[in-house]
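With UniProt numbering applied, the sequence shown covers 1 to 162.
Working notes, beginning with the structure itself.
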Amino acid sequence: MSSLTSFLHQKGVNINALFNNAPPPPPDDQNDIESSELVKTIHARSKRFVAQMSPHIDAIETNVREMTSKARGVRMTNALELHALIDSCSFSERSSSQTSEEMEEKDERDVHAKEVEALRGEIERMVESKEIEGKKEEERKEKERKERRERELREAMMFRKE
Numbered sequence: 001m002s003s004l005t006s007f008l009h010q011k012g013v014n015i016n017a018l019f020n021n022a023p024p025p026p027p028d029d030q031n032d033i034e035s036s037e038l039v040k041t042i043h044a045r046s047k048r049f050v051a052q053m054s055p056h057i058d059a060i061e062t063n064v065r066e067m068t069s070k071a072r073g074v075r076m077t078n079a080l081e082l083h084a085l086i087d088s089c090s091f092s093e094r095s096s097s098q099t100s101e102e103m104e105e106k107d108e109r110d111v112h113a114k115e116v117e118a119l120r121g122e123i124e125r126m127v128e129s130k131e132i133e134g135k136k137e138e139e140r141k142e143k144e145r146k147e148r149r150e151r152e153l154r155e156a157m158m159f160r161k162e
């Protein structure tokens with residue numbers, strides 16, 4: 001409910017009756033013509049007022065909603081900036097006050113990383129040397145096969161000649 005609607009509701013104005021063209025409520029005393037005329041006049045004037053002012057009221061409500069959301073946005077932005085500033089301050093304090101234990105742990109990790117890297121390099125060299133040895137062994141076996149085949153061919157040729 002808008003603020004104007006709630007205000008009119010508090011004052012006892014039947015808003016639904018104004019918009020739905022409902023007949024005015026019956027007067028308390030059926031014989032009192034003046035009060036009935038007064039009610040009709042008030043009803044007609046309030047209906048005209050609402051009809052004339054509803055675009056203005058809608059515009060005012062829209063402006064109020066926009067200003068409220070902008071104010072919330074500014075407050076939210078300010079709060080986020082404040083939290084970011086607090087976080088950056090605490091981070092700079094923590095990083096500037098690193099203990100010697102943290103530095104030692106970092107040095108140990110660096111040494112361990114260097115050892116692991118050296119071990120990895122050593123393993124790679126061993127694998128490469130094994131691959132080279134394997135290739136040499138294959139070449140040697142291939143060479144022996146060729147020599148054996150040639151020898152067998154020579155022996156076969158010699159046997160044929162005899």
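Glycine included, each C-beta is placed from N, C-alpha and C at the ideal position.
It is roughly 26 Å from the alpha-carbon of ASN78 to the alpha-carbon of GLU61.
With a minimum length of 4 residues, the unbroken runs of alpha helix (DSSP H) contained wholly in the UniProt region "Disordered" (91 to 162) fall at 100 to 161. Annotation: GLY121 to HIS83 spans about 47 Å, alpha carbon to alpha carbon. Excluding sequence positions up to five before and after ARG48, its CB lies less than 8 Å from no other CB in the same chain. A straight line joining the alpha-carbon of ALA51 with that of ARG65 spans about 22 Å. Between the alpha carbons of GLU147 and LYS135 lies a gap of roughly 18 Å.
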